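One structure is given here, and the rest of the page talks about it.
2 protein chains.
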Amino acid sequence: MPTIKDVAKRAGVSRTTVSRVLNDNGYVSHEARTRVVEAVKEMGYIPSAHAKTMRTKRSGVIGVILPRISTETASRVVNGIEEELAANGYQILLTNTQLKPEKEIQNIKLLKSRQVDGIILLATNRNQDLLETIADLSIPFVALGQELTGVTSVVYDDYHSAFDVTESFISEGHQQIGFIGVPETDHAVGFLRKQGYLDAMAKHNLPVKEEWIQDGNFSFESGYQAAKQLMEQAQVKPTAVFAVTDRMAIGALGYLKENQINVPSEVALFGIGASDLSKHVTPPLSTVDYFNEDAGQKTAQLILEQLTGKIIEKEKIKLNYRLIKRDSV
Amino acid sequence: MPTIKDVAKRAGVSRTTVSRVLNDNGYVSHEARTRVVEAVKEMGYIPSAHAKTMRTKRSGVIGVILPRISTETASRVVNGIEEELAANGYQILLTNTQLKPEKEIQNIKLLKSRQVDGIILLATNRNQDLLETIADLSIPFVALGQELTGVTSVVYDDYHSAFDVTESFISEGHQQIGFIGVPETDHAVGFLRKQGYLDAMAKHNLPVKEEWIQDGNFSFESGYQAAKQLMEQAQVKPTAVFAVTDRMAIGALGYLKENQINVPSEVALFGIGASDLSKHVTPPLSTVDYFNEDAGQKTAQLILEQLTGKIIEKEKIKLNYRLIKRDSV
DNA sequence: CTGAAAGCGCTTACAG
DNA sequence: CTGAAAGCGCTTACAG
């Protein structure tokens, strides 16, 4: 691998001059510039990003921490982030935590050791350890998906969207509404969405049976099992089911179809996520679009603002959403 | 940010000693070690990966170039790669080309400038420029998805799987079989799968009408349009349709259902990819499982072998596949 | 068992 | 317009 020294020698100039040509800053005579450009091309010279980073304290890389790499949501968010960041000359370094909270902290340190200029975390919890690690960090940081205290956060409107879904069921005449959630350690998906459901029910004076509330774990299978519980164990069977993710909703749909329970006439169904899947199952699943790409883009913009020093104080941004009603209701 | 110098001062030793403790190599007295470990903890010292890379010429990072980040296939492959690489102490740097061939070369250079120890490319074409760029590269390189001449490649068995799908239709009595492919610039998906289809037809002396062969572009919509062409334009209508990707197959399914064409009794349907989607549409789609995670893992293993110098000559690995027959046939 | 010094490949004041 | 020199934060012979 040729270095800047080799290029300098070949072009008959100093390293300083080569650097100036490469970065297009400072005065360089036309003739010198030409010789350098030529040498670079001839030698196939590629500057070392590490040396540059070390010297300038800027890597041009943003670290992105995902809970899991192979989910539609994550993919879309990353697309939004990537687009915005690439347009501004930044690259992404992706890591994933396999949903293990301890790996979040580990990954933050790893990214820091790689001198990333900022970190975006798709958050799934609000552990104290995590918050402390972030507080100790001296680089721009944005959390997406959970509101973290003291941290610039972009969040979906989990509460209101869940509220709206529930109210939409109610407005269609449903009174017994089942709920498939996830554990509340995931504050956004587990707690807030459930709260939206409960508050909507309460607002319309509809009692909620304990047995109507089931916990899943994001998987199809857990949605299937939750639906089974709902339909086989409950004294009063729900006429509508709200699952907080499309995957679980579709798992539930599988159970219902398997047992000849018609959707929507016997049980109406709603999910969240606007996944490709939701559009193509039969009947098409009603769901909530969280505009994940926009979320990624917005998050990237916040990082960029911090990077360019435009903002100092921590921001909280709540995103829009949209109910998509399809034949499952 | 504290550096190794600060730690050394605090611990009352030289940088050399700190380095030895950090990397656990060379002799260090128990006492000195203890002081260093303590200083590191107290100061929250995180070593600079860049400085280390620069000095050692090893970054511990493997670059992975994806055509698109938000596809199920890519996600699964990355999962397989990540798992294998992480287990061996390597990290991943992801980039994506947005399906633009010129960005493949650009990304290779970018990764090289970041001193990655190796590169994995999920390939979509076999351009001469690309091959030359790879040949000039002096680091381990593995292509996945296309057989690239002179490059260690891991490929799916596009030809035989397509052959088998077609023969499976034939064995069920189908004689008019439509085909939804992609342009042949994608040698694996465009050319080989079509060849498998054609050869299976030929083997059974079944003529193939030109109008039975349609090109899509991987999208649902293109599958929909292709099916429309197939069913509305063809003189002799197919009784079975083979789409080379699940997305296109499901697009086709959309068209068929919309037009009350029963699947499978009027038109049988097969895809490739074993996507989540395929399992959950109605009727469930028959498809081919390419075991993407295993593919990623195998690819990572090849990179690791090159990294540790176990192999020199270029390898070609063809992966297994499995037909999954569901109610769409 | 320990440390001084060189060097990885860049950029950036500084001096001319 | 140009270059010599210092320095970014590490590791690694080498010498003791």
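Chains as they are written, first to last, in our numbering: chain A, 1 to 329; chain B, 1001 to 1329.
Quick reminder that beta carbons are idealized off the backbone N, C-alpha and C, glycines included.
These numbers come from a predicted model, not from an experiment.
Among the residues of chain B, those whose CB is under 7 Å from the CB of Ser75 (chain A) are Ile1069, Ser1070 and Ser1075, following chain order.
Scanning chain B for C-beta atoms nearer than 8 Å to the C-beta of Pro47 (chain A) yields Ser1113, reported in chain order. When secondary structure is reduced to three states using DSSP, Ala1234 (chain B) falls in the coil class, being assigned neither helix nor strand.
With a threshold of 8 Å between beta carbons, Met1043 (chain B) makes no contact with chain A. Taking a Cβ-Cβ threshold of 8 Å, the residues of chain B close to Asn96 (chain A) are Glu1082, in chain order. At least 8 Å separates the beta-carbon of Ala123 (chain A) from that of Leu94 (chain A). Chain B has a Cβ within less than 8 Å of the Cβ of Leu93 (chain A).
Thr1287 (chain B) is a Cβ neighbour of Gly1273 (chain B), given a cutoff of 8 Å. Residue burial annotation: Asn107 (chain A) is buried, with at least 16 other C-beta atoms found within 10 angstroms of its C-beta. Boundaries of the beta strand (DSSP E) harbouring Val61 (chain A): Val61 to Leu66, taken from the DSSP string. Taken through DSSP and simplified to helix, strand or coil, Val7 (chain A) comes out as helix. By the CB criterion at 8 Å, Phe1163 (chain B) and Asp1136 (chain B) fall outside the cutoff. Excluding its 5 nearest sequence neighbours in each direction, Leu1085 (chain B) has C-beta neighbours in its own chain below 7 Å: Ile1062, Ile1092 and Ala1300, listed in chain order. With a threshold of 16 other beta carbon atoms within 10 Å, Gly196 (chain A) meets it and is buried. For Gly1223 (chain B), no pairing in a beta bridge is given by DSSP. Close partners of Ala1051 (chain B) in chain A (Cβ separation under 9 Å): His50 and Met54.
In chain order, Val1021 place their CB closer than 7 Å to the CB of Val1037 (chain B), counting only its own chain and leaving out the 5 sequence neighbours on each side.
Within the same chain, and ignoring the five residues on either side of Phe220 (chain A) in sequence, the residues whose Cβ sits closer than 8 Å to its Cβ are Arg247, Met248, Ile250, Gly251 and Gly254. In chain order, Ile1069 and Ser1070 make up the part of chain B whose C-beta sits under 7 Å from the C-beta of Asn79 (chain A). Contact with chain A is absent for Lys1009 (chain B), since none of that chain's Cβ atoms lies less than 8 Å from the residue's Cβ. Look at Val1263 (chain B) here: in three-state DSSP terms it is coil, with no helix or strand label. The alpha carbon of Ile317 (chain A) has as its nearest neighbour, out of A:Ile65, A:Tyr156 and A:Ser29, the alpha carbon of A:Tyr156.
Chain-order list of chain A residues neighbouring Thr1003 (chain B): empty, with the shortest C-beta distance near 11 Å, by a criterion of under 8 Å. The Cβ-Cβ distance between Trp1212 (chain B) and Pro1238 (chain B) falls below 8 Å. Under the DSSP assignment, Asp1289 (chain B) falls in the beta strand (DSSP E) whose first and last residues are Thr1287 to Asp1289. Of the other Cβ atoms in all chains shown, 16 or more fall within 10 Å of the Cβ of Lys1052 (chain B); this residue is therefore buried. Counting C-beta atoms within 10 angstroms of its own C-beta, Ser29 (chain A) has fewer than 16 neighbours from the protein chains shown and is therefore classed as exposed.
Beta-carbon to beta-carbon, Lys109 (chain A) and Ile1046 (chain B) are separated by about 6 Å, close enough to satisfy the 8 Å threshold. The beta carbon of Pro1264 (chain B) lies closer than 6 Å to those of Ser1328 and Val1329 in the same chain, with the five residues before and after it left out.
Annotation for Lys57 (chain A): no alpha helix (DSSP H) segment contains it, and DSSP assigns it neither H nor E. Around the C-beta of His1204 (chain B), fewer than 16 other C-beta atoms lie within 10 Å, and the residue is accordingly described as exposed. Under DSSP, Thr1073 (chain B) takes part in no beta bridge, so it has no partner.
By the CB criterion at 8 Å, Leu1121 (chain B) and Glu1104 (chain B) fall inside the cutoff.
Val155 (chain A): not part of any alpha helix (DSSP H); member of the beta strand (DSSP E) spanning Thr152 to Val155, first to last residue.
Of the residues B:Val1116, B:Ser1070 and B:Ala1087, the one whose Cα lies closest to the Cα of Asn1096 (chain B) is B:Ser1070.
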